[in-house]
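There are 2 protein chains.
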Amino acid sequence: MATIYEVARLAGVSPATVSRVFNGVGVSEEKTQAVREAARQLKFTPNRTARTLRKQESEVIALVIPDIENPYFTELARGVEDVAQKAGYSVVLCNTDSQIEKEATYLQIAISEHMAGVILAAASDHTNLDELLAAGRPVVAVDRGTGYDIDGVVMANRPAGQAATENLVQAGYRRIACITGPQEIETAYERAQGWRAVIARNFPDADPDELLRYSSFRVDGGREVMEELLTLPEPPDAIVAGNNLLGVGAIQVLTEHGLTPPKIGVAVVGSLPFTTLSPTAVTVVRLPARHMGVTAARMLLERIAGDDQPARTVVLRNEVQPARALNGA
Amino acid sequence: MATIYEVARLAGVSPATVSRVFNGVGVSEEKTQAVREAARQLKFTPNRTARTLRKQESEVIALVIPDIENPYFTELARGVEDVAQKAGYSVVLCNTDSQIEKEATYLQIAISEHMAGVILAAASDHTNLDELLAAGRPVVAVDRGTGYDIDGVVMANRPAGQAATENLVQAGYRRIACITGPQEIETAYERAQGWRAVIARNFPDADPDELLRYSSFRVDGGREVMEELLTLPEPPDAIVAGNNLLGVGAIQVLTEHGLTPPKIGVAVVGSLPFTTLSPTAVTVVRLPARHMGVTAARMLLERIAGDDQPARTVVLRNEVQPARALNGA
DNA sequence: GTGAAAGCGCTAACAC
DNA sequence: GTGTTAGCGCTTTCAC
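Sequence order for the protein chains is A and B.
331 is the number that the working numbering gives the last residue of the first sequence; the numbers go up by one with no jumps.
331 is the number that the working numbering gives the last residue of the second sequence; the numbers go up by one with no jumps.
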């Protein structure tokens, strides 16, 4: 690999001039040409490591997410990547598997590689950002809060849970269960709160705890809890699923029992990009994951550029796509 | 951020000794203790950038894939990550969107960040690896070849296409179409060749070109081509889908037309992790994507460690999971 | 076993 | 506008 010294010698200029050419500072036209020609001949690629060491900052941002196999997070990643790449940043995708230790490791790496910033969907509410923040690295929270006073972008989770449930009520279902993710995860909790509010308003005699189930935010979690609900003395006639994977798991079990929607009502908070159902059978509350990524990346880039206004939180509205078969559209 | 110099001063040793402690070279027990204690007090984190600059190699490997939203590739990524992390490497996930320019950019970054190696699912057969290889960086090809004489791990694509098709033949279907990815992509081509061989053997009078469609390896590609096949004067009674997303698209369209499998035969090359169909309705030829990632990562780590045996190619066998409803199991 | 010192490739004062 | 030079934090000879 050629260095700026070799390019400088070939072009008949100083190393500093070569550096200036590649950083867009004022250099005369003729020297610029000479440098570019020399660089081309030597196949010169600037050494980013040296640059990072010198500048104490790299053009890399970390995107830390709990589950890379969840399409919701890959859609988010696309949004981040699209914005970052246009700004000349590359994105390092870090999968924590919801484990705080793995998360801590990646956060440490972000510091020690001098990454420009971090976009974080926290594995839990115990994430420690002290060092990262002390090192002056901007962090934007996505999907979930962190307990720190930093920028964030989240979904309107409670309204999403409400919308899903209301849709089912209007379609005539009367015994609507809810399956959601781990209680400690705020998205899971809030969506369930949305469901709870609608149930309380419409069925004041119902016992919500009988029909609410916490599980993992995964397909097998949905399957397990759905099986359980089906064995109830009086099983539900409809289900609100707290995220996409839970919805997939629940629908799989229902299908296996011959209860294909809309025989039983199903509303899912989150999109189902790879579902093979009739698009009219299930109510979907779309979550704008890509948009969340785009917004978070833009906020982060502003912080990297030095913006120091007070922390902002953006709440993204969802969009309901009702099951057509149920509401007659 | 504390440096080794500060740690050295506090511990009463030289910077070199601090470095040795953190790199597992022989240092006396008492100095080791002193260094560790000083490091703890100062919250010292080794600066990876400086280390990389000095050693000319980082503990990062790049995984370059064409579509991060495809569950097949995220499953692959999991395999890579699990192996890499255990060996102390972190994985940078780079999404090329099948564009050679984006791919070239990421490959350039891999060089200029001194990454330890690259695992590459090439965007096309025009990928240029000259510089990367000249820089001495090991590259392992996954899923598809590259035209270079390097390590690789691929699926048994032709047998997979054959198995999918044979399954449909045995189930009694007689007019079996095939939809696959872009002709230039070897996986798409080979799977179609498998289909073609079975068709030629069983239905010598059939005109394969009438029933074969090339498309993109995406859901909307599958939708589009499926719609088209349905308008044929004599539509197919079964479909072989060349990958998971194509299968999802095809099944969606069929469902919308009331042709839920197994009313029409469907066999998919690739797993359908988020399907909501009855598990008995569709034949799935499972592709061990995670295993591919694990294998590729292990091979890469061997190369990074200096192994210089001739290039190897590993071919992974697939596993057929037949549609139970069709073969009576 | 341990320390002194050079240098990885780049950028940013600072002089001119 | 351009060159000289110091130094980012680490590893690694080379002495001792």
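Cβ coordinates follow ideal geometry from the N, Cα and C atoms, glycine included.
In this structure Asp-239 of chain A is in contact with Tyr-175 of chain A, their Cβ atoms being roughly 5 Å apart against a cut-off of 8 Å. With a threshold of 8 Å between beta carbons, Met-3 of chain A makes contact with chain B. The shortest C-alpha to C-alpha distance from Ala-125 of chain B to any of B:Ser-100, B:Gly-138, B:Gly-28 and B:Gln-110 is the one to B:Ser-100. For the stretch 64-85 of chain A, the beta-carbon criterion of a distance under 8 Å to any beta-carbon of chain B is satisfied by Ile-70, Glu-71, Pro-73, Thr-76, Glu-77, Ala-79, Arg-80 and Glu-83. Runs of the alpha helix (DSSP H) lying entirely within the stretch 27-74 of chain B and spanning at least 4 residues, in chain order: 31-44 and 50-57. Counting only unbroken stretches of 4 or more residues, the alpha helix (DSSP H) elements lying wholly within the stretch 244-302 of chain A are 246-258, in sequence order. Within chain A, Ile-111 have C-beta atoms less than 7 Å from the C-beta of Ser-92 of chain B, given in sequence order.
A distance below 8 Å between beta-carbons, with the five flanking residues on each side excluded, links Arg-305 of chain B to the following residues of its chain, in chain order: Gly-119, Pro-140, Val-142 and Asp-153. In terms of Cβ geometry, Thr-182 of chain B and Ala-194 of chain B form a close pair [threshold 8 Å]. Apart from sequence neighbours up to five positions away, the residues of its chain that approach Asn-169 of chain B with a beta-carbon distance below 6 Å are Ala-269, Thr-285 and Pro-324, ordered along the chain.
In this chain, the beta strand (DSSP E) harbouring Leu-318 of chain B covers 315-318.
Closer than 8 Å to the CB of Glu-105 of chain B there is not a single CB belonging to chain A. Contact between Gly-251 of chain B and Asp-222 of chain B holds: CB atoms are separated by about 6 Å, below the 8 Å threshold. Taken in chain order, the unbroken stretches of alpha helix (DSSP H) that lie wholly in the stretch 187-237 of chain A and span 4 residues or more are 188-204, 210-213 and 221-232.
Across the stretch 122-134 of chain B, CB contacts with chain A closer than 9 Å involve Glu-133, in sequence order along the chain. Contact annotation for Thr-51 of chain A against chain B: Thr-51, Thr-54, Leu-55, Ser-60, Ser-114, Glu-115 and His-116 [CB-CB distance below 8 Å, chain order]. Going by beta carbons, Leu-134 of chain A and Ile-113 of chain A fall inside the 8 Å limit. In the structure shown, the three-state DSSP call for Ile-6 of chain B is helix. Apart from the 5 residues on each side of it in sequence, Gly-249 of chain B sits with its Cβ closer than 6 Å to the Cβ of Ala-243 and Val-270 in its chain, given in chain order. In this structure Ile-241 of chain B does not touch Leu-279 of chain B by the C-beta definition: roughly 14 Å separates them, more than the 8 Å allowed. CA-CA distance, Val-200 of chain A to Leu-65 of chain B, rounds to 46 Å. Residues are counted here when their Cβ sits less than 9 Å from a Cβ of chain A; for the stretch 27-46 of chain B these are Lys-45, given in chain order. For Thr-19 of chain A, the secondary structure class from DSSP, reduced to helix, strand or coil, is helix.
A distance of 8 Å or more separates the beta carbons of Ala-123 of chain B and Leu-289 of chain B. Within the model, the alpha-carbon separation for Gln-110 of chain B versus Asp-132 of chain B is close to 11 Å. Nearest neighbour of Val-156 of chain B by Cα position, chosen from B:Thr-189, B:Arg-50, B:Gln-172 and B:Gln-43, turns out to be B:Thr-189. Secondary structure in the stretch 144-174 of chain A: the alpha helix (DSSP H) runs of 4 residues or longer, each lying completely within the stretch, are 159-172 in chain order.
DSSP, read as helix, strand or coil, puts Leu-131 of chain B in coil.
Boundaries of the alpha helix (DSSP H) harbouring Ala-106 of chain B: 102-114, taken from the DSSP string.
The three-state secondary structure of Ala-123 of chain B, taken from DSSP, is coil. Distance between Thr-257 of chain B and Pro-263 of chain B, taken at the CA atoms: about 8 Å. Only buried fits Arg-215 of chain A, as 16 or more other CB atoms lie within 10 angstroms of its CB. In the three-state DSSP reduction, Gln-87 of chain A falls in the helix class (H, G or I). Counting C-beta atoms within 10 angstroms of its own C-beta, His-116 of chain B has 16 or more neighbours from the protein chains shown and is therefore classed as buried. Residue burial is scored here from C-beta neighbours: Thr-19 of chain A has at least 16 other C-beta atoms within 10 angstroms and is therefore classed as buried. At a C-beta separation below 7 Å, Ile-253 of chain A has these neighbours in chain B: Thr-278.
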